[in-house]
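First up is the structure itself, then whatever we jot down about it.
Protein chains: 2
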Amino acid sequence: MNLKPVESRELRVESQKQRAKRQAQTALDPRHSTLDQTRRQLLEAAGEVFAEIGFRNATVREICRRAGANVAAVNYHFGDKESLYAEVLRDSQQKAFEKYPPLLGVAADAPPEEKLRAFIQSFLLRIFDSGSITRFGKMMSREMVEPTGALDLLLEVRIRPMADQLRGLVSEILGGSPDDEEVRLCCFSVVSQCVFFHHCRTMITRLFPDQRLDASAVAPLAGHIARFSLAAMKHLPDPEPSRSKPVPALPRGVAEANVRRKPADLTPRGKRRRR
Amino acid sequence: MNLKPVESRELRVESQKQRAKRQAQTALDPRHSTLDQTRRQLLEAAGEVFAEIGFRNATVREICRRAGANVAAVNYHFGDKESLYAEVLRDSQQKAFEKYPPLLGVAADAPPEEKLRAFIQSFLLRIFDSGSITRFGKMMSREMVEPTGALDLLLEVRIRPMADQLRGLVSEILGGSPDDEEVRLCCFSVVSQCVFFHHCRTMITRLFPDQRLDASAVAPLAGHIARFSLAAMKHLPDPEPSRSKPVPALPRGVAEANVRRKPADLTPRGKRRRR
DNA sequence: TGACATGTCAAACAAATGTTTTAATTATTT
DNA sequence: AAATAATTAAAACATTTGTTTGACATGTCA
Chain A
93 MNLKPVESRE LRVESQKQRA KRQAQTALDP RHSTLDQTRR QLLEAAGEVF AEIGFRNATV
153 REICRRAGAN VAAVNYHFGD KESLYAEVLR DSQQKAFEKY PPLLGVAADA PPEEKLRAFI
213 QSFLLRIFDS GSITRFGKMM SREMVEPTGA LDLLLEVRIR PMADQLRGLV SEILGGSPDD
273 EEVRLCCFSV VSQCVFFHHC RTMITRLFPD QRLDASAVAP LAGHIARFSL AAMKHLPDPE
333 PSRSKPVPAL PRGVAEANVR RKPADLTPRG KRRRR
Chain B
93 MNLKPVESRE LRVESQKQRA KRQAQTALDP RHSTLDQTRR QLLEAAGEVF AEIGFRNATV
153 REICRRAGAN VAAVNYHFGD KESLYAEVLR DSQQKAFEKY PPLLGVAADA PPEEKLRAFI
213 QSFLLRIFDS GSITRFGKMM SREMVEPTGA LDLLLEVRIR PMADQLRGLV SEILGGSPDD
273 EEVRLCCFSV VSQCVFFHHC RTMITRLFPD QRLDASAVAP LAGHIARFSL AAMKHLPDPE
333 PSRSKPVPAL PRGVAEANVR RKPADLTPRG KRRRR
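If you read the protein sequences in the order shown, they are chains A and B.
Residues 93 to 367 in the working numbering are what the first sequence lists, from first letter to last.
Residues 93 to 367 in the working numbering are what the second sequence lists, from first letter to last.
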């Protein structure tokens, strides 16, 4: 007799439905039901491990050990390691945005500058919140350089709406349509400053050991990013004659020369002479 | 008889020395010597694989297959997989900075604004150069979220000097000491906009499929980053009364308030006013 | 109570993978 | 050419790791 209910995705889902039904009967709050205890502990342990060392480096054995469960537990409750991962990512994302919505609590009729500040603030809070919330940020960092299938889900339900929201704000501040190239670039500039502390934490800490990167750093960092970005957007020089004539916008000769792989022109001002 | 020369690090080094000696006698350019052909092919293949899928996911079997070498070749020529990785990282870093030095060819007496532009430009060129150069960027992205021992080397010889250089530029533009908090924050802002296209390439491409992210994108992107950053630094409002009094700088209550989903007053200190 | 579904556990499986071994081959030196 | 060192090759080794198996326990409900 094969009791294992994880044979196929359908069976798995069915099983969960049944469990959910039972829970509704036995416990008001499913999060405190004694029934899925193992499942919840796995989710918690997996959250720790995945955030800490990533999907690939995490072993189901370590996860089960921390959850106080048998090695087979992951496959029984989630089907396989990958599904567990997807569930953890979904779960941590939900908690992160539940606690820190993109505009925090700012009034709907507040000026866009204020909303932008809140946007930045919430972004950093999701990263530096002390506790399990930071898992979302850590997992996302890894997803950026090594995306899994789990990312696609988040993209449409979370990331794209946030991107649209930001584009709206920036276009209000800048004046113009959210679809302008200029707006997109400024959104990149704003977001990049936020995610920087995600991705480069290692480097930052090594270069500047005294740089604080925890919840207490959110206020000053968010303050700077908002000030910097608003100053930039308020005083951005005319969107240079961009489209019409393709301006090199820089060292003129340098860029093209390098793109064409002509090392000859690379050191124009007779700078470094080696070999 | 044990011929294997990889027994210890010392033996390995010696062996390489001897090889180098022979090469000097048999070929003028060691890069074209037929002697280390396998070694060079391993380095090349490993560069591809490590950049593409990272250290952990890469298998020595795949690397050897691409190099047309036996599985044992990695261990023979480099000792182990990790040493090979370190060598690849060192090598790609050297090539990247050889081709695109931090200030490109800008004159030593050029104004700091121009140097900053070159700094940004070279940063992006190292990322978007078409060809093997981009490996450095890809490997560094991974090092950020999952650093290996190989990073420590680069840090002191490459990254820190670059950071110091940037701090010098920014402090010139901003006026003030390179050690100012304000300078550091602005450096973060500049660098973050550059590395963004490293780290979030996946996300950017999915959100904006038409956004070009190759060599042809360097000029417009670098142009924007420089314009944005210079505008910000030239018009940065007074470094708010930060340090002295530990100001919540923002929400204070907001985070908590929002947990309860109360659209609270986000802007506590009447610090910023729009003009 | 007995039948049945659900969950847990120890053991084993199967595949992947870094590394080593041993022998054969090639190049260099004497 | 002989001897010696360097390199390559095939096979095997030793571990790790995701997954599966089959027995056993537990709780639910007729």
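A virtual CB, placed ideally from N, CA and C, is assigned to each residue, including glycine.
- Residue-level contact check: B/H169 does not touch chain A, since none of the beta carbons of chain A fall below 7 angstroms from its beta carbon.
- Annotation: the continuous alpha helix (DSSP H) that includes A/D183 extends over 173-191.
- Distance between A/L261 and A/E273, taken at the CA atoms: about 15 angstroms.
- Secondary structure at B/L313: helix, using DSSP grouped into helix, strand and coil.
- Within a 10 Å sphere around the beta-carbon of B/A314 sit 16 or more other beta-carbons, which makes this residue buried.
- For A/T226, the nearest beta carbon of chain B is not closer than 7 angstroms to its own beta carbon.
- Counting only the Cα atoms, B/A242 lies some 26 angstroms from A/R227.
- Using a Cβ-Cβ cut-off of 7 angstroms, A/A188 does not count as an interface residue toward chain B, since no Cβ of chain B sits closer than that to its own.
- Chain B has no Cβ within less than 7 angstroms of the Cβ of A/Q185.
- For A/V237, the chain B residues whose C-beta falls within less than 7 angstroms of its own C-beta are S233, R234, V237, H291, listed in chain order.
- Under the Cβ criterion of 7 angstroms, A/R148 is counted among the residues facing chain B.
- Relative to the Cα of B/L195, the nearest Cα in the group B/D256, B/R132, B/H290 belongs to B/D256.
- With fewer than 16 other beta carbons inside 10 angstroms of its own, B/P253 counts as exposed.
- Here the C-alpha atom of B/I265 lies approximately 23 angstroms from the C-alpha atom of B/L217.
- Take the alpha-carbon of A/V249 and the one of A/F189: they are about 12 angstroms apart.
- In this structure, DSSP gives A/D256 a helical state, which the three-state scheme calls helix.
- By alpha-carbon distance to B/A165, the top candidate from B/E140, B/D128, B/L181, B/G268 is B/D128.
- Taking each of A/S224, A/Q185, A/Q303 in turn and checking the Cα distance to A/L245, the smallest one comes out for A/Q185.
- For the set A/S308, A/V180, A/M231, the Cα lying nearest the Cα of A/D221 is the one of A/S308.
- Around the beta-carbon of A/P312, 16 or more other beta-carbon atoms lie within 10 Å, marking it buried.
- Residues of the segment 270-290 of chain B with a C-beta less than 9 angstroms from any C-beta of chain A: E273, E274, R276, L277, C278, F280, S281, V283, S284, Q285, C286, V287, F288, F289, H290, listed in chain order.
- Under the three-state reduction of DSSP output, A/L305 falls in the coil class, being neither helix nor strand.
- Taking each of B/P193, B/I317, B/A138 in turn and checking the Cα distance to B/G160, the smallest one comes out for B/A138.
- The beta carbon of B/I225 sits closer than 7 angstroms to the beta carbons of K187, A188, K191, R218 from its chain, once the five residues preceding and following it are set aside; these are given in chain order.
- Between B/H291 and B/S233, the beta carbon gap of about 5 angstroms places them in contact (Cβ cut-off 8 angstroms).
- The shortest CA-to-CA distance from B/T130 to any of B/D201, B/Y168, B/E144 is the one to B/Y168.
- What A/I251 touches in chain B, judged by beta-carbon distance under 9 angstroms, is M295, R298, L299, going in chain order.
- Taking every protein chain shown into account, the CB of B/V163 has fewer than 16 other CB atoms within 10 angstroms, so this residue is exposed.
- Sorting B/P301, B/E205, B/V310 by C-alpha distance to the C-alpha of B/K326 places B/E205 at the top.
- Contact check for B/A143 against B/M231 passes: the beta carbons are separated by less than 7 angstroms.
- With fewer than 16 other CB atoms across the displayed protein chains lying within 10 angstroms of its CB, B/R153 is exposed.
- With a threshold of 7 angstroms between beta carbons, B/A202 makes no contact with chain A.
- Here the C-alpha atom of B/L176 lies approximately 13 angstroms from the C-alpha atom of B/R148.
- The DSSP-derived three-state label of B/D271 is coil.
- Residue-level contact by beta carbon holds for B/L247 and chain A, with a gap shorter than 7 angstroms.
- Interface residue (Cβ-Cβ distance to chain B less than 7 angstroms): A/F211 is not classified as such.
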